[in-house]
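Below is one structure, written out as structure tokens; comments come after it.
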Amino acid sequence: MTDATLSFEEAMEKYDPVLGFEVHVELNTKTKMFSSAPNVFGDEPNTNVNEVDLGMPGVLPVVNKTAIESSIKIGLALNCKIAERCRFARKNYFYPDTPKNFQTSQYDEPIAYDGYLDVELSDGTVFRVEIERAHMEEDAGKLTHMGGATGRIQGADYSLVDYNRSGVPLVEIVTKPIEGAGSRAPELAKAYVAAVREIVKNLGVSDAKMERGNVRCDANVSLRPHGRERFGIRSETKNVNSLRAVEHAVRYEIQRHAAVLDSGEPVTQETRHWHEDTRTTTSGRAKSDADDYRYFPEPDLVPITASREWVEELRATLPEPPAARRKRLQADWGYSDLEFRDVVNAGVMDEIEETIAAGATATVARKWWMGEIVGRAKTADVDPGQLGVAPATIVELNQMVEDGKINNKMASEVLDGVLAGEGTPAEIVEKRGLAVVSDDAPLLEAIDAALAAQPDVADKIRAGKLQAIGAIVGGVMKATRGQADAGRVKELILQRLGVEG
Amino acid sequence: MAAINRDDVAHLAQLAHIEMSAEELDRMAGELAVIVESVKSVSEAAGDDVPATSHPIPLTNVFREDVVGHTFTAEQSLNGAPDAYEGRFKVPAILDED
Numbered sequence: 001m002t003d004a005t006l007s008f009e010e011a012m013e014k015y016d017p018v019l020g021f022e023v024h025v026e027l028n029t030k031t032k033m034f035s036s037a038p039n040v041f042g043d044e045p046n047t048n049v050n051e052v053d054l055g056m057p058g059v060l061p062v063v064n065k066t067a068i069e070s071s072i073k074i075g076l077a078l079n080c081k082i083a084e085r086c087r088f089a090r091k092n093y094f095y096p097d098t099p100k101n102f103q104t105s106q107y108d109e110p111i112a113y114d115g116y117l118d119v120e121l122s123d124g125t126v127f128r129v130e131i132e133r134a135h136m137e138e139d140a141g142k143l144t145h146m147g148g149a150t151g152r153i154q155g156a157d158y159s160l161v162d163y164n165r166s167g168v169p170l171v172e173i174v175t176k177p178i179e180g181a182g183s184r185a186p187e188l189a190k191a192y193v194a195a196v197r198e199i200v201k202n203l204g205v206s207d208a209k210m211e212r213g214n215v216r217c218d219a220n221v222s223l224r225p226h227g228r229e230r231f232g233i234r235s236e237t238k239n240v241n242s243l244r245a246v247e248h249a250v251r252y253e254i255q256r257h258a259a260v261l262d263s264g265e266p267v268t269q270e271t272r273h274w275h276e277d278t279r280t281t282t283s284g285r286a287k288s289d290a291d292d293y294r295y296f297p298e299p300d301l302v303p304i305t306a307s308r309e310w311v312e313e314l315r316a317t318l319p320e321p322p323a324a325r326r327k328r329l330q331a332d333w334g335y336s337d338l339e340f341r342d343v344v345n346a347g348v349m350d351e352i353e354e355t356i357a358a359g360a361t362a363t364v365a366r367k368w369w370m371g372e373i374v375g376r377a378k379t380a381d382v383d384p385g386q387l388g389v390a391p392a393t394i395v396e397l398n399q400m401v402e403d404g405k406i407n408n409k410m411a412s413e414v415l416d417g418v419l420a421g422e423g424t425p426a427e428i429v430e431k432r433g434l435a436v437v438s439d440d441a442p443l444l445e446a447i448d449a450a451l452a453a454q455p456d457v458a459d460k461i462r463a464g465k466l467q468a469i470g471a472i473v474g475g476v477m478k479a480t481r482g483q484a485d486a487g488r489v490k491e492l493i494l495q496r497l498g499v500e501g
Numbered sequence: 001m002a003a004i005n006r007d008d009v010a011h012l013a014q015l016a017h018i019e020m021s022a023e024e025l026d027r028m029a030g031e032l033a034v035i036v037e038s039v040k041s042v043s044e045a046a047g048d049d050v051p052a053t054s055h056p057i058p059l060t061n062v063f064r065e066d067v068v069g070h071t072f073t074a075e076q077s078l079n080g081a082p083d084a085y086e087g088r089f090k091v092p093a094i095l096d097e098d
């Protein structure tokens, strides 16, 4: 069943959106939050676990010191206060993603609270998002629903559980209600999650790969008529795991809420699931007893105290904040304000930095990411960094162009081949027989043919109208199927016609 | 603190996938009621001047260094699982429960 929606414009005319986000960040510690099992993505199921992660009776958790330090660093980077004393709590629920029937989390005493994050929108507007809290918890196992349709929980016959992710340290960052975003709410949503991702990546405390679930966003949306102070009823959309999806999900929920309110019905307070394929949400189910998690202080763990000395020691280790980093990178790379903003808005600043680190110049890195990859990512409907272009590939392709082995047009074709999984650039050039024709004989043949076909153009060039040469070069490129070096072709045409270049 | 009745016990048993007979439910409801009553007496003893405590020992910051320790093989992990498939725990579909 498809939900009714209003157009975004109509929804904005009638209603004022209020947002809220819960962003879960997986820390990249070597081990789990409460056990010494490795925190590694992608291994054989149920091998990165021990008795603690499997919730066996009688086991005792022990807190990972590095995870605490990473959590404090995140709190500091979000301008939060760090609790002098805090503790863990049990969040009780029955669901097979946790073998313990509770998640070890924090409840009334988060490690960090009362912060803010200044988020820059695409036109340079800065929007302050208030942070309610950042608390520590553990990730749950991964369920795969089998049978039924397309792996969704609806209609599944049974589920398979891998507990490798169980116990991976998480920091959950919760915003205060965000008011005043208006029609920029979807953009702000994307920019906020991007800013959080940038911060945790910059701190080095998370791998921050959204496609691996290192950063996951639950987006709360509610609408109220313009001018009303009281918030409307909210929905919480889960499973929003790319920046584009965050933007789309908030936009969709605004349109859906508006249609519900227009029909005179109240919005149902519920969890919604985001579906990337249809770009819609569907009503989710509540976990068993979701209305009452029966939180209580975790008796197996002692409280955490963060002395002011320790906090200041950690503060001293913080890297330059992302805003300062952006300023430095722009200066280092020599990009104009507009060029740099385009790079940031396209979400390829980190990728360009990595490409430069791999050996490309700033100009070359920008040319490839902005000129070739961003467009392909848009077509494929993924974030550019997720398209699968390695910095080394760009360096290799560019070197081939500079060496005159291939031209830009071929390089673009080779990139398509790399993305299609056909191999390395060198292999694809070999396989597809792509190489600039550098032997003059076939070029001269093509030039003579082109000149003969367009005698009037040849006359113009002879008369000194050198800009007319493009028509002849075009003919030669067509005849050689783009495999000629355009520069060499020009030289040869001029030679042929006896004109000084 | 709320009392615990037979329906609560039946509900918990269902959530925890524990099959219980009518006699077991009766007995467990009685036993749990005694425990809840006992805990209640602690609440009565602690006045407003006694801060809530989760731990009897005045310890803080018991930490472990971030060093990888022992792990199980998939076979060891699944040893004792009621059902398994290709290295993973197999559980009933969850949607329709409760």
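So the sequences go chain by chain: Z and V. Residue numbers for the first sequence follow the working numbering, so the first one is 1 and each next one is one higher. Residue numbers for the second sequence follow the working numbering, so the first one is 1 and each next one is one higher. By construction, the Cβ of each residue, glycine as well, lies at the ideal position given by its N, Cα and C atoms. Quick caveat, the model's predicted, so the values are computed rather than measured.
The criterion of a C-beta distance shorter than 8 Å is not satisfied by Z/Tyr163 and Z/Gly147. Inter-residue distance for Z/Thr305 and Z/Val171 is about 17 Å (C-alpha atoms, whole angstroms).
By the C-beta density criterion, Z/Arg462 is exposed, having fewer than 16 other C-beta atoms within 10 angstroms. In the displayed model, Z/Lys91 falls within a strand according to three-state DSSP. Using a Cβ-Cβ cut-off of 7 Å, Z/Ile394 is close to nothing in chain V; its nearest Cβ partner there is about 34 Å away. Residue state for Z/Phe21 is assigned as strand, using DSSP reduced to three classes. Counting the other Cβ atoms within 10 Å of the Cβ of Z/Asp97 gives 16 or more, which makes it buried. At a cut-off of 8 Å between beta carbons, V/Lys40 makes no contact with chain Z. One thing to note: Z/Leu243 has its Cβ within 8 Å of the Cβ of Z/Lys190. Contact check for Z/Met400 and Z/Val429: beta-carbon distance about 7 Å, within the 8 Å limit, so the pair qualifies. Put simply, the backbone Cα of Z/Gln483 is about 56 Å away from that of Z/Glu130. Sequence-distant Cβ neighbours of Z/Leu60 in its own chain, meaning closer than 7 Å and more than five residues away, are Asp300.
Annotation for Z/Glu276: Ser242, Ala245 place their beta carbon closer than 8 Å to its own, counting only its chain and skipping 5 residues before and after. Closest in C-alpha terms to Z/Ile356, from the list Z/Ala377, Z/Gly334, Z/Leu338, comes Z/Gly334. Against chain V, a Cβ distance below 9 Å from Z/Thr125 picks out nothing, because the smallest value is about 40 Å. Relative to Z/Ala449, the option among Z/Val489, Z/Pro322, Z/Ala37, Z/Met410 whose CA is nearest is Z/Val489. Residue burial annotation: Z/Ser206 is buried, with at least 16 other C-beta atoms found within 10 angstroms of its C-beta. In this structure, Z/Leu387 sits away from Z/Val414, with a CB-CB distance that is not shorter than 8 Å.
Around the CB of Z/His248, 16 or more other CB atoms lie within 10 Å, so the residue is classed as buried. Only His55, Ile57, Leu59, Thr60, Asn61, Val62, Phe63, Arg64, Glu65, Asp66, Val67, Val68 from the region 55-68 of chain V bring a Cβ to less than 8 Å from some Cβ of chain Z. For Z/Asn50, same chain residues with a beta-carbon under 8 Å away, outside a window of 5 residues either side, are Ser35, Ser36, Ala37 in chain order. By the 16-neighbour rule on beta-carbons within 10 angstroms, Z/Asn407 is buried. When the Cα atoms are used, Z/Glu372 and Z/Asp342 turn out to be separated by approximately 14 Å. For the set Z/Tyr295, Z/Arg308, Z/Asp218, the Cα lying nearest the Cα of Z/Thr281 is the one of Z/Asp218.
Against chain Z, the CB of V/Leu15 has a partner CB under 8 Å away; the residue lies at that interface. Under DSSP, Z/Cys217 forms a beta bridge with Z/Val23, Z/Val240.
Scanning the region 6-83 of chain Z from its first residue to its last, the whole beta strand (DSSP E) runs of 3-plus residues come out as 15-26.
Under the DSSP definition of a beta bridge, Z/Val171 partners with Z/Val25, Z/Met136. Neighbourhood of V/Ser77 in chain Z, by CB distance below 8 Å: Asn46, Thr47, Val49, Leu54, Tyr163, in chain order. When Z/Glu22, Z/Arg184, Z/Val240, Z/Ile82 are compared, the shortest CA-CA separation from Z/Thr125 is found for Z/Arg184. Residue state for V/Met20 is assigned as coil, using DSSP reduced to three classes. Thr29, Lys30, Thr31, Ser36, Ala37, Pro38: these are the residues of the region 24-39 of chain Z whose beta carbon lies less than 7 Å from some beta carbon of chain V, given in chain order. With a cutoff of 8 Å on beta-carbon distance, Z/Ala346 and Z/Pro384 are scored as near each other. Under the three-state reduction of DSSP output, Z/Ser235 falls in the strand class. Taking the C-beta atoms as reference points, Z/Glu137 is found nearer than 8 Å to Z/Thr104. Under the Cβ criterion of 8 Å, Z/Thr2 is not counted among the residues facing chain V.
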